[in-house]
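One structure is given here, and the rest of the page talks about it.
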Amino acid sequence: MACSANTNGSGCSSHSFWNLPNHFSPHSLRHTHTSLLAEAGVPIEEAAERLGHKNDRITRAIYLHVTKSVKRESADKFSSLMADVSKL
1 MACSANTNGS
11 GCSSHSFWNL
21 PNHFSPHSLR
31 HTHTSLLAEA
41 GVPIEEAAER
51 LGHKNDRITR
61 AIYLHVTKSV
71 KRESADKFSS
81 LMADVSKL
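Shown next, in the form of structure tokens:
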């Protein structure tokens with residue numbers, strides 16, 4: 001992929017090279033990767049190992065984000081629970 005020199009003449013910035021928005025960086029992929037692994041049911045310990053963390057503390061605190069589908073699934077489960085409770 002070709003790109004023109006940036007303003008300081010040092011060549012392509014990572015954002016222009018990858019055609020990413022300025023608020024998005026390649027490091028953001030670590031966060032996305034971790035959240036999607038969790039959403040897929042991969043144990044957090046395994047995700048931590050993939051990221052090179054010696055334990056899951058940093059992975060949980062920094063990299064793990066709740067995705068929209070996980071929020072929706074939680075809301076659906078709660079709604080189902082409340083429907084069951086209302087039948088009592």
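With full-length UniProt numbering applied, the sequence shown closes on residue 88, and no number is skipped along the way. All C-beta atoms in this analysis are idealised placements derived from N, C-alpha and C, irrespective of residue type, glycine included.
Under the three-state DSSP convention, the category residue i falls into
{"i": "H33", "result": "helix"}
{"i": "A83", "result": "helix"}
{"i": "R57", "result": "helix"}
{"i": "S25", "result": "coil"}
Own chain partners of residue i with C-beta closer than 7 Å, once the 5 adjacent residues on each side are dropped
{"i": "S35", "result": "L64, H65 and T67"}
{"i": "D56", "result": "I44, E45 and A48"}
Inter-residue spacing [alpha-carbon to alpha-carbon] between residue i and residue j
{"i": "E49", "j": "L88", "result": "45 Å"}
{"i": "L29", "j": "E73", "result": "23 Å"}
{"i": "S79", "j": "F24", "result": "34 Å"}
{"i": "N22", "j": "K54", "result": "31 Å"}
{"i": "V70", "j": "G41", "result": "11 Å"}
Three Cβ pairs or more, each shorter than 8 Å: is that satisfied between the region 31-47 and the region 55-62? Judged by Cβ distances under 8 Å, the region 31-47 makes contact with the region 55-62, as three or more pairs qualify.
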